[in-house]
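Going by numbering that gives the first Met the number 0, the first residue of the sequence shown is number 0, and it counts up by one from there. Read the structure below first, then the notes.
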Amino acid sequence: MNAESQARLYSREPSGPKLEVLGPKLERSEEVLTPLALQLLASLHRRFNPRRLELLAARAKRQAEFDDGALPDFLRATEAVRAGNWRIS
0 MNAESQARLY SREPSGPKLE VLGPKLERSE EVLTPLALQL LASLHRRFNP RRLELLAARA
60 KRQAEFDDGA LPDFLRATEA VRAGNWRIS
């Protein structure tokens, strides 16, 4: 299997990734950021970016709660575990 056919495994878009690498080009970076590697990164971004953005928004909301004075606490779902009879031997 050649690199082009492998790249198709990582992407549902046959035209390939539409991405731009920002920042200075480093020596030998083309050995790491190969077309296949960029295809994989683009595919991962398309697949996981919506969830990543949701998590970042939830994180910002939770931080605002802390900024307003809320304190972190344990999850209610784990209360039975914490209230159980523990013995360390």
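We put the beta carbon where it would ideally sit given N, CA and C, even for glycine.
- For Phe73, the CB contacts under 7 Å within the same chain, skipping 5 residues up- and downstream, are Arg81 in chain order.
- The Cβ-Cβ distance between Leu25 and Ala41 does not fall below 8 Å.
- With 16 or more other Cβ atoms from the protein chains shown falling within 10 Å of its own Cβ, Gln38 counts as buried.
- For Leu55, the enclosing alpha helix (DSSP H) stretches over residues Pro34 to Asp66.
- About 6 Å separates the beta carbons of Val20 and Leu32, which is inside the 8 Å limit, making them a contact pair.
- Distance from the CA atom of Glu29 to the CA atom of Pro23, rounded to whole angstroms, is 12 Å.
- Glu64 and Glu53 have their alpha carbons spaced roughly 17 Å apart.
- Distance from the CA of Asp67 to the CA of Arg58, rounded to the nearest whole angstrom, comes to 14 Å.
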